[in-house]
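Q:
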Amino acid sequence: MLIPLKKHIKVLSVSVLFFACSPPTTPEIEPMKIVDHHTFAKPEIAVITHLNWDADINFNTKTISAEATLSITKSKDAKEIILDINGLSIASIKDENGKGLTFEIGKEKPFHGSPLTVHLKNNTQKISIRYSTIAGAEALQWLNPKQTADEKYPFLFTQSQAILARSWVPIQDSPGIRFTYNAHVKVPEGMLALMSATNPTKVSDNGVYDFVMDKPIPAYLLALTVGDIRYQKLSERTGVYAEPSVIQAAAYEFADMEQMVEAAEKLYGPYQWEVYDLIVLPPSFPFGGMENPMLTFATPTILAGDRSLVSLVAHELAHSWSGNLVTNATWDDFWLNEGFTVYFEQRIMEAVYGYDYAEMLALLSLQNLKEEVETILTGDHPEDTKLKLNLEGRTPDDGMTAIAYDKGYYFLRLLEEKVGREKFDAFLKDYFTSNAFHSMTTEEFISQLNVKLFEKNGIPVDENLYNEWIFGQGLPANCPQPVSDRFTNVERVVEDWINGTTIEELFTPEDLMAQTWSSHEWLHFLRSLPEDLNKEKMAKLDAVFQFTYSRNSEILAAWMVLVIKHQYNSGYENLENFLVNTGRRKFLSPLYAEMAKTETGLVMAKAIYEKARPNYHFVASSTIDKMLDWKD
Ligand SMILES: [Zn+2]
Numbered sequence: 001m002l003i004p005l006k007k008h009i010k011v012l013s014v015s016v017l018f019f020a021c022s023p024p025t026t027p028e029i030e031p032m033k034i035v036d037h038h039t040f041a042k043p044e045i046a047v048i049t050h051l052n053w054d055a056d057i058n059f060n061t062k063t064i065s066a067e068a069t070l071s072i073t074k075s076k077d078a079k080e081i082i083l084d085i086n087g088l089s090i091a092s093i094k095d096e097n098g099k100g101l102t103f104e105i106g107k108e109k110p111f112h113g114s115p116l117t118v119h120l121k122n123n124t125q126k127i128s129i130r131y132s133t134i135a136g137a138e139a140l141q142w143l144n145p146k147q148t149a150d151e152k153y154p155f156l157f158t159q160s161q162a163i164l165a166r167s168w169v170p171i172q173d174s175p176g177i178r179f180t181y182n183a184h185v186k187v188p189e190g191m192l193a194l195m196s197a198t199n200p201t202k203v204s205d206n207g208v209y210d211f212v213m214d215k216p217i218p219a220y221l222l223a224l225t226v227g228d229i230r231y232q233k234l235s236e237r238t239g240v241y242a243e244p245s246v247i248q249a250a251a252y253e254f255a256d257m258e259q260m261v262e263a264a265e266k267l268y269g270p271y272q273w274e275v276y277d278l279i280v281l282p283p284s285f286p287f288g289g290m291e292n293p294m295l296t297f298a299t300p301t302i303l304a305g306d307r308s309l310v311s312l313v314a315h316e317l318a319h320s321w322s323g324n325l326v327t328n329a330t331w332d333d334f335w336l337n338e339g340f341t342v343y344f345e346q347r348i349m350e351a352v353y354g355y356d357y358a359e360m361l362a363l364l365s366l367q368n369l370k371e372e373v374e375t376i377l378t379g380d381h382p383e384d385t386k387l388k389l390n391l392e393g394r395t396p397d398d399g400m401t402a403i404a405y406d407k408g409y410y411f412l413r414l415l416e417e418k419v420g421r422e423k424f425d426a427f428l429k430d431y432f433t434s435n436a437f438h439s440m441t442t443e444e445f446i447s448q449l450n451v452k453l454f455e456k457n458g459i460p461v462d463e464n465l466y467n468e469w470i471f472g473q474g475l476p477a478n479c480p481q482p483v484s485d486r487f488t489n490v491e492r493v494v495e496d497w498i499n500g501t502t503i504e505e506l507f508t509p510e511d512l513m514a515q516t517w518s519s520h521e522w523l524h525f526l527r528s529l530p531e532d533l534n535k536e537k538m539a540k541l542d543a544v545f546q547f548t549y550s551r552n553s554e555i556l557a558a559w560m561v562l563v564i565k566h567q568y569n570s571g572y573e574n575l576e577n578f579l580v581n582t583g584r585r586k587f588l589s590p591l592y593a594e595m596a597k598t599e600t601g602l603v604m605a606k607a608i609y610e611k612a613r614p615n616y617h618f619v620a621s622s623t624i625d626k627m628l629d630w631k632d
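Per our numbering, the very first residue in the sequence shown carries number 1; after that it's consecutive.
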């Protein structure tokens, strides 16, 4: 599909629709309306600008009761404001004078929740909604003490991306709508509450905490976590939070955080969110990390003990620019968040750990990408291999694939290779600065790229680039190909082993002691092993390298796929252990998928899942439910 250039120019001023505070910059251009399929909100009629959240967190009932006061800006004859809710129990809605406002809750739509329409009076500028969350609210995960590291206190965390914020706050839940927020939160005494905002570093005496986020953010970045949590400062503006027994390991693992922030600033401009903290959550957290502003939420599976999996921190930190500053306008433009972030993450890793190291990560990303492209192309939605998606009527979660991340990354890497790093960096720095706190559609990005990268540098625009990479399916032939000598060496070792050289000949005891390979090389080693590996060969590898008991979650997860594939029974017990105690979807999906390939495997998968499911967040269990055809 070819998109005529003129159309791209038309969307330049589109963000003014969503930001009542910013004046139109190009009045002569008629703005094109952004269609976000995943919100009921009509921001052109009435839009929220600030949230004041007063909440009581009740671990006994596993519910939050709260009052959400929303400041609104509306058009002259607006009679109503439409919010998104998903399963909230609404008690009352009042205006700023304490007068009741009428409202109705519309029909529920699968994946979307329901519209909450509040009828406004002429002078209404604020509405206060008293409500509570329901059992099973999709964003919330309530853990009992046994599911935490220290087993003393219960734990709560939220995961709002993509459209789950509406299951704990009545809000206009679109990435194109931004607001600031304040919160006053009451939790059981002895517990610490943290949000995507200015945060306390100590447990309060009365369980009450106040929060401020004075920069406008979209709803998917609303976040809350409550637990037995400690803080350790790492530098003036960075620090880690974790449960008491985890805090030391976390502080060790993330010691390079300040260095990463500095590297990122050097690349694309000042860090805009004052502090950068990270919390290590209990293992059921469904993602590697979530870039909640000021406080990244992270999985404990990156605590490898040797700082080998910290590229995840670089990734979440990079989101402080790509995603949190310049935000995808809709979930169809998700690649703008993730592709840019993987590119930026790579650049941070290169700056801190060197080019060779970053190229190994790039190659792993290419392996993921190729695998995902193949899977999606042979599935029901081959069009999901386009960068620009159309997820109308579907859950935005369907777009969270390697396409957005890795195809996005390779497209940007191709642009860098085409124009040279210097010009590309200048473009990106300006992109993050001039679009800060705004949202971006793919079409507007293309328009800016044409003007500010190509035309500015006298380079002809190549429409094929967009047609193949953004609007076309699959992986284009001109995909950049990273080269890593370290990976070539791994491939040579695997080949020699296949051809009869013994492990003892390939790895001397000194090699093994010195642990000369990084976890990325081990990952590549496991991924490069031949298809026809038998149990004896698996046992031999395991005896030497102890993969079944690896402390590195990436290596363990890759090994466990082989355990299932080659029916290596000695690994089964730890496989079950891993699946019951880890909720990170990236690890769960390939393992359950591999088991589901055979009849006996499927029986095993279901038996394990029955035990493991209560430990998973909705985000993970909804994926595995579908995979195993599970009925709750
Ligand atoms: Zn990301």
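Beta carbons: idealized from backbone N, C-alpha and C, even for Gly.
Computed from a predicted model, the values in this text were never measured in an experiment.
Taking contact to mean 3 or more Cβ pairs, one atom from each stretch, closer than 8 Å, check whether the region 405-414 and the region 119-137 are in contact.
A: No: the two stretches stay apart, fewer than three of their Cβ pairs being nearer than 8 Å.
Q: Specify whether the region 272-289 and the region 358-376 touch according to this definition: at least 3 beta carbon pairs, one from each stretch, less than 8 Å apart.
A: Result no; under three Cβ-Cβ pairs closer than 8 Å.
Q: Since I believe Gly399 is in contact with Phe334 (beta carbons under 8 Å), could you give me their beta-carbon distance rounded to a whole number of angstroms?
A: Stepping through the sequence shown from its first residue, residue 334 is reached at position 334. Stepping through the sequence shown from its first residue, residue 399 is reached at position 399. With a Cβ gap of about 5 Å, Phe334 and Gly399 count as contacting.
Q: From Lys126 to Ile163, what distance separates their C-alpha atoms?
A: As a first step, residue 126 is located in the sequence shown; it is residue number 126 there, counting from the start. As a first step, residue 163 is located in the sequence shown; it is residue number 163 there, counting from the start. Roughly 23 Å between the two C-alpha positions.
Q: Do three or more CB pairs link the region 447-458 to the region 480-488 at distances below 8 Å?
A: Counting Cβ pairs under 8 Å, fewer than three are found: no touch.
Q: Look at the alpha carbon of Ser245 and the alpha carbon of Val187, and state the distance between them as a whole number of angstroms.
A: For the purposes of this step, residue 245 is taken as residue 245 along the sequence shown, with counting starting at 1. For the purposes of this step, residue 187 is taken as residue 187 along the sequence shown, with counting starting at 1. Roughly 21 Å separates the two Cα atoms.
Q: What would DSSP say about Asn292, mapped onto helix, strand or coil?
A: Locating residue 292 in the sequence shown gives position 292, where the first residue counts as 1. Coil, per DSSP.
Q: Would you say Thr330 and Gly176 are within 8 Å of each other, going by their C-beta atoms?
A: Within the sequence shown, residue 330 is the residue found at index 330, counting from 1. Within the sequence shown, residue 176 is the residue found at index 176, counting from 1. Yes, Cβ-Cβ distance for Thr330 and Gly176 is below 8 Å.
Q: Where do the N-terminal and C-terminal ends of the alpha helix (DSSP H) with Gly601 fall, by residue?
A: By one-based count along the sequence shown, residue 601 stands at place 601. Where Gly601 is concerned, the enclosing alpha helix (DSSP H) stretches over Glu599 to Ala612.
Q: Tell me whether the region 285-299 and the region 616-629 touch, counting them as touching only if at least three CB pairs, one residue from each stretch, are closer than 8 Å.
A: At 8 Å Cβ cutoff, the stretches touch.
Q: Hey, is Arg338 close to ligand 1, as in C-beta under 7 Å from one of its heavy atoms?
A: Position 338 of the sequence shown holds residue 338. Reading the sequence as shown, one finds Glu at residue 338 and not Arg. Because some heavy atom of ligand 1 lies under 7 Å away, the Cβ of Glu338 counts as near it: yes.
Q: Taking the beta carbon of Thr25 as the centre, do at least 16 other beta carbons fall within 10 Å, making it buried, or is it exposed?
A: The residue given as residue 25 occupies position 25 in the sequence shown. Note that Thr25 scores 43 on pLDDT, short of 50, meaning its location in the model is unreliable; the coordinates nonetheless yield the value given after this. It is exposed - the Cβ of Thr25 has fewer than 16 other Cβ atoms within 10 Å.
Q: Among Leu309, Leu303 and Pro293, whose alpha-carbon lies nearest the alpha-carbon of Pro282?
A: Along the sequence shown, read from residue 1 onward, the residue named residue 282 stands at position 282. With distances taken between Cα atoms, Pro282 lies closest to Leu303.
Q: Would you kindly report the start and end of the unbroken beta strand (DSSP E) that includes Lys233?
A: Counted from its first residue, the sequence shown places residue 233 at position 233. Lys233 -> beta strand (DSSP E) spans Arg230 to Lys233.
Q: Under 7 Å from any heavy atom of ligand 1, does the C-beta of Thr341 make it?
A: Reading the sequence shown from its first residue, position 341 is the one you call residue 341. Yes, Cβ of Thr341 sits closer than 7 Å to a heavy atom of ligand 1.
Q: Return the CA-CA distance between Met290 and Leu465, expressed in angstroms with no decimal places.
A: Counting from one through the sequence shown, the residue named residue 290 turns up at place 290. Counting from one through the sequence shown, the residue named residue 465 turns up at place 465. So the two alpha carbons sit approximately 31 Å from each other.
Q: Quick one, are the C-beta atoms of Phe340 and Ser320 less than 8 Å apart?
A: In the sequence shown, the residue the question calls residue 340 occupies position 340. In the sequence shown, the residue the question calls residue 320 occupies position 320. No, these two residues do not count as a Cβ contact at 8 Å.
Q: Taking 7 Å as the cut-off, does the CB of Glu372 come closer than this to any heavy atom belonging to ligand 1?
A: Here residue 372 corresponds to residue number 372 of the sequence shown, with the count starting at 1. Checking the Cβ of Glu372 against ligand 1 gives no.
Q: If you follow the alpha helix (DSSP H) that Glu96 is in, where does it begin and where does it stop?
A: Along the sequence shown, one-based indexing puts residue 96 at 96. Here Glu96 belongs to no alpha helix (DSSP H), and DSSP marks it neither H nor E.
Q: Considering only DSSP beta bridges, list what Leu83 is partnered with.
A: As a working note, residue 83 is residue 83 in the sequence shown. Leu83 is bridged to Leu116.
Q: Alpha carbon to alpha carbon, how far is Gly571 from Ala557? Give it in angstroms, no decimals.
A: As a first step, residue 557 is located in the sequence shown; it is residue number 557 there, counting from the start. As a first step, residue 571 is located in the sequence shown; it is residue number 571 there, counting from the start. Their backbone Cα atoms lie some 11 Å apart in a straight line.
Q: Which class does Tyr616 belong to by DSSP, given the choice of helix, strand or coil?
A: In the sequence shown, residue 616 corresponds to position 616, counting from 1. The answer is coil: DSSP assigns Tyr616 none of H, G, I, E or B.
Q: Helix, strand or coil for Asp256, going by three-state DSSP, please let me know.
A: Stepping through the sequence shown from its first residue, residue 256 is reached at position 256. Here Asp256 sits in coil by DSSP.
Q: How many whole angstroms separate the CB atoms of Trp469 and Pro476, which I take to be in contact at a CB cut-off of 8 Å?
A: Indexing the sequence shown from 1 puts residue 469 at position 469. Indexing the sequence shown from 1 puts residue 476 at position 476. About 6 Å separates the two Cβ atoms, so the contact holds.
Q: Looking at Glu258 and ligand 1, is the gap between the Cβ and the nearest heavy atom below 7 Å?
A: Position 258 of the sequence shown, counting from 1, holds the residue named residue 258. Glu258 Cβ: outside cutoff for every heavy atom of ligand 1.
Q: Nearest by alpha-carbon distance to Ile503: which of Leu541, Leu523 and Asn467 is it?
A: In the sequence shown, residue 503 corresponds to position 503, counting from 1. Comparing Cα-Cα distances from Ile503 to each of Leu541, Leu523 and Asn467, the minimum goes to Leu541.
Q: For Glu96, tell me which candidate among Thr69, Tyr409 and Asn574 has the shortest Cα-Cα distance.
A: Position 96 of the sequence shown, counted from the start, is the residue given in the question as residue 96. The residue with the shortest Cα to Cα distance from Glu96 is Thr69.
Q: Buried or exposed, going by whether 16 or more other CB atoms sit within 10 Å of the CB of Ala135?
A: Residue mapping note: residue 135 aligns to position 135 of the sequence shown, counting from 1. So Ala135 counts as exposed.
Q: Specify, as a first and last residue, the run of the beta strand (DSSP E) that Thr225 falls within.
A: Start at 1 with the first residue of the sequence shown, and residue 225 comes out as number 225. Its beta strand (DSSP E) spans residues Leu224 to Gly227.
Q: Pro614: buried (16+ other C-beta within 10 angstroms of its C-beta) or exposed?
A: For the purposes of this step, residue 614 is taken as residue 614 along the sequence shown, with counting starting at 1. The residue is exposed, with fewer than 16 neighbouring Cβ atoms inside 10 Å.
Q: Does ligand 1 have a heavy atom nearer than 7 Å to the CB of Glu265?
A: For the purposes of this step, residue 265 is taken as residue 265 along the sequence shown, with counting starting at 1. It does not: the Cβ of Glu265 is nowhere closer than 7 Å to a heavy atom of ligand 1.
Q: Any beta carbon from chain B within less than 8 Å of Met627's own beta carbon?
A: In summary, chain B is missing from the structure at hand, where a single protein chain is found.
Q: With Ile564 as the anchor, note down where its alpha helix (DSSP H) starts and where it stops.
A: As a working mapping, residue 564 is identified with position 564 in the sequence shown. Where Ile564 is concerned, the enclosing alpha helix (DSSP H) stretches over Ser553 to Lys565.
Q: Run through the DSSP bridge pairs and tell me what Lys386 is partnered with.
A: As a first step, residue 386 must be located in the sequence shown, where it is residue number 386. Lys386 pairs with nothing; no bridge assigned.
Q: Just mark Lys76 as buried or exposed, buried being the case when its beta carbon has 16 or more other beta carbons within 10 Å.
A: If you number the sequence shown from 1, residue 76 lands on position 76. The residue in question, Lys76, is exposed, as its Cβ has fewer than 16 Cβ neighbours within 10 Å.
Q: Going by the C-beta, is His37 closer than 7 Å to any heavy atom of ligand 1?
A: Along the sequence shown, one-based indexing puts residue 37 at 37. Outside the cutoff, so no.
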